[in-house]
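Presented below is the structure to which this report refers.
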Amino acid sequence: MSTKVIAVTGASGQLGALIVKHLVAKATSFKTVALVRNPAKYAAPDGVEVRVFDYDNASTLASGVAGVSVLVLVSSPTVGQRFPQHKAVIDAAKVAGVSTILYTSLLRAPTSPIALKAEHVVTEEYLAASGIQSVFLRNGWYLENWTGGLAGAIAGGGVLGATKDALVSPAIRNDYAEAAANAAIRSAGGEVLKRNFELGGTSFKLSDYAAEVSVHAGKTIPYVDLPEEKYKETLQSFGLPEAVAALLGNADNGASQGGLFVETTDLVELLGRQPDDWRAFVKNAVLTLEK
0 MSTKVIAVTG
10 ASGQLGALIV
20 KHLVAKATSF
30 KTVALVRNPA
40 KYAAPDGVEV
50 RVFDYDNAST
60 LASGVAGVSV
70 LVLVSSPTVG
80 QRFPQHKAVI
90 DAAKVAGVST
100 ILYTSLLRAP
110 TSPIALKAEH
120 VVTEEYLAAS
130 GIQSVFLRNG
140 WYLENWTGGL
150 AGAIAGGGVL
160 GATKDALVSP
170 AIRNDYAEAA
180 ANAAIRSAGG
190 EVLKRNFELG
200 GTSFKLSDYA
210 AEVSVHAGKT
220 IPYVDLPEEK
230 YKETLQSFGL
240 PEAVAALLGN
250 ADNGASQGGL
260 FVETTDLVEL
270 LGRQPDDWRA
280 FVKNAVLTLE
290 K
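In numbering that gives the first Met the number 0, the protein residues as written are 0 to 290.
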């Protein structure tokens with residue numbers, strides 16, 4: 000019996016690289032394939048086969064998924080082109096006989112108030128209609144989306160946002176990656192997983208986040224809630240492109256409507272443990288800045 004193959008798209012990206020790392024550590028009974036656009040720029044872990052995989056080059060898609068049993072389709076980073084790229088991958092996977100595709104989608108995509116949902120929804124619909132066994136790993140926000148701005152928040156004296164201090168349920172990128180790897184391994188082992196996993200970590204408000212930052216920064220860093228338009232303008236004043244500022248502003252507005260909050264235990268179920276503690280992660284992020 001031939002060894003089953005698990006392949007990961009976008010394997011040189013932040014999420015994809017972590018998924019591959021966890022597969023290498025755990026999927027010892029299966030073969031792991033990293034699908035990347037430019038193999039010369041990718042340092043593959045030992046034992047991982049690297050294949051060229053360019054969403055915009057159909058010939059690489061066909062060869063990339065050849066012999067693959069389970070495909071982890073990490074959503075494309077190219078907002079506005081995601082669905083055509085995803086469609087091309089799904090079409091190639093169907094021809095190649097891929098048995099299962101796990102797609103990294105957005106939390107509660109069909110009903111999300113966040114504009115980013117659109118390309119995720121049409122991808123989910125197309126994949127569901129493809130005839131391929133499909134699993135939607137609907138990831139919430141990364142905690143790193145906030146800790147990435149810690150230096151500015153501490154220097155500027157405030158955590159800015161437009162969430163109306165609603166509850167959010169982020170998790171660290173590594174937890175989402177490990178959950179995806181675990182799901183892929185279970186699928187490769189013959190388990191038929193449920194279709195939708197709504198993934199998120201322990202819930203908190205950005206005022207809680209700011210209070211935790213304050214503890215470790217040694218000074219009070221308040222949460223400053225702004226109207227969406229003002230928040231977008233402020234982000235642009237920091238040098239962010241207009242499109243990125245609009246995306247983040249819309250996401251915060253969506254969060255104010257519950258779009259980044261989830262109460263399910265799906266992430267715990269896939270991890271087999273509790274997600275990493277957000278307070279400990281914030282503490283480490285602040286202390287790292289001080290080194």
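Beta carbons: idealized from backbone N, C-alpha and C, even for Gly.
Given the structure is predicted, the values throughout are model-derived calculations rather than measurements.
_Starting from residue 152, trace the alpha helix (DSSP H) in both directions and tell me its first and last residue._
Counting from 1 along the sequence shown, the entry for residue 152 is found at position 153. Segment 149-155, the alpha helix (DSSP H) holding residue 152.
(Q) Quick check on the burial criterion: 16 or more other C-beta atoms within 10 angstroms. Buried or exposed for residue 107? (A) One-based indexing of the sequence shown puts residue 107 at position 108. By the 10 Å Cβ count, residue 107 comes out buried.
| query | Between residue 250 and residue 174, what straight-line distance do the alpha-carbon atoms span, to the nearest angstrom? | reply | Residue numbering aside, residue 250 sits at position 251 when the sequence shown is read from its first letter. Residue numbering aside, residue 174 sits at position 175 when the sequence shown is read from its first letter. Near 21 Å, if we compare the C-alpha coordinates of residue 174 and residue 250.
_Taking a contact to mean a Cβ-Cβ separation below 8 Å, would you say residue 143 touches residue 171 in this structure?_
For the purposes of this step, residue 143 is taken as residue 144 along the sequence shown, with counting starting at 1. For the purposes of this step, residue 171 is taken as residue 172 along the sequence shown, with counting starting at 1. It is a contact, given that the beta carbons lie within the stated cut-off.
- Query: By Cβ distance, which residues of its chain are closer than 8 Å to residue 61, with the 5 residues on each side in sequence left out?
  - Reply: Locating residue 61 in the sequence shown gives position 62, where the first residue counts as 1. These residues qualify, in order along the chain: 91, 94, 95.
Notebook entry, point to check: Between the segment 191-210 and the segment 235-249, do three or more beta carbon pairs fall short of 8 Å?
Noted result: no
| said: Whether or not the segment 215-227 and the segment 147-161 are in contact is what I'm after, with contact meaning three or more pairs of Cβ atoms, one per stretch, closer than 8 Å; do they touch? | reply: yes
- prompt: Do you know offhand how far residue 278's Cα is from residue 208's?
  reply: For this step, residue 278 is matched to residue 279 along the sequence shown. For this step, residue 208 is matched to residue 209 along the sequence shown. Near 8 Å, if we compare the C-alpha coordinates of residue 208 and residue 278.
- request: Ignore the nearest five residues each way along the sequence and tell me which others in residue 75's own chain have a CB closer than 8 Å to its CB.
  value: If you number the sequence shown from 1, residue 75 lands on position 76. Excluding residues within five positions, the ones whose Cβ falls inside 8 Å are 9, 54, 81, 84, 85.
Pop quiz: residue 253 and residue 259 are said to be a contact at Cβ under 8 Å. What is the actual Cβ separation, rounded to whole angstroms?
Taking the sequence shown and counting its residues from 1, the one referred to as residue 253 is at position 254. Taking the sequence shown and counting its residues from 1, the one referred to as residue 259 is at position 260. Contact holds; Cβ gap of about 7 Å.
- If residue 4 sits next to residue 32, beta carbons under 8 Å apart, how far is it from one beta carbon to the other, in whole angstroms? On the sequence shown, residue 4 is found 5 positions in, with the first residue counted as 1. On the sequence shown, residue 32 is found 33 positions in, with the first residue counted as 1. Rounded, the Cβ-Cβ distance is 6 Å, consistent with contact.
query = Is residue 24 buried or exposed, if buried means 16 or more other CB atoms sit within 10 Å of its CB?
reply = Translated into positions along the sequence shown, residue 24 becomes position 25. Exposed, since its Cβ has fewer than 16 Cβ neighbours within 10 Å.
Per the DSSP calculation, residue 50 is bridged to which residue(s)? Counting from one through the sequence shown, the residue named residue 50 turns up at place 51. DSSP, once it has assigned bridges, lists 34 as partnering residue 50.
If you run the structure through DSSP and keep just helix, strand and coil, what is residue 194?
Residue mapping note: residue 194 aligns to position 195 of the sequence shown, counting from 1. Three-state result, residue 194: coil.
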